[in-house]
Amino acid sequence: MTEPASKRARGFRCECWTQSQTTGARTLIDSITVETPAQAIRYIRVAVRTITPALNPEAFDEAWLWLDTDAHQALTNAKPYIVTLHDHRATIQWTARPVDFLKLTARQAINHPARKEQYRAPAQD
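Position one of the sequence shown corresponds to residue 1 (full-length UniProt numbering), numbered consecutively onward.
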């Protein structure tokens, strides 16, 4: 009899959090589990590039400086990696940390959580 394939896998948990500068409320915006450091870094880089036009000038410069850094070393060495941007409205933080996770279902591709796919655009008049 053959042994079942391992249900545990090594990967990275990536999250995006915001914290309001006025109320201090902290909100989880998005999260994803990926298999490689490169996928974790790509997730953060795409998100940072997407929001940079809406940032104040200081946060914009901070974001583009981060895009030039190499986070791969930290993640390859199984250390968490954090990117934090401070805007006048909110603090935005992306984290990528190594995790062991259970393979419960097979994924066809790397997708955002289901809630993102379930979003329906507002009806047009």
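For each residue, glycine too, the CB sits at the ideal point set by N, CA and C.
Based on the DSSP secondary-structure assignment, which residues constitute the bridge partners of residue i?
i           : result
residue 78  : Paired residues: none, contrary to the question.
residue 32  : 14
residue 46  : Paired residues: none, contrary to the question.
residue 101 : 9
Assuming the contact rule is C-beta atoms closer than 8 angstroms, residue i and residue j should be a hit. Round their C-beta distance to whole Å, please.
i          : j          : result
residue 96 : residue 12 : 5 angstroms
residue 26 : residue 19 : 5 angstroms
Give every residue of the same chain whose Cβ lies closer than 7 angstroms to the Cβ of residue i, excluding the five residues on either side of it in the sequence, and list them in chain order.
i          : result
residue 60 : 52
residue 47 : 16 and 94
For residue i, which residues of its own chain have a beta-carbon under 6 angstroms away from its beta-carbon, when the five flanking residues on both sides are left out?
i          : result
residue 93 : 17 and 84
residue 55 : 87
By Cβ distance below 8 angstroms, which residues in the same chain neighbour residue i in space, the five residues on each side in sequence not counted?
i          : result
residue 28 : 15, 16 and 17
residue 57 : none
residue 72 : 37, 38 and 41
Using beta-carbon positions only, say whether residue i and residue j come within less than 8 angstroms of one another.
i          : j          : result
residue 37 : residue 65 : no
Report the residue from the options whose alpha carbon sits nearest the alpha carbon of residue i.
i           : options           : result
residue 100 : 30, 35, 87 and 50 : 35
residue 24  : 86, 102 and 54    : 86
residue 79  : 98, 10 and 55     : 98
residue 43  : 102, 81 and 88    : 81
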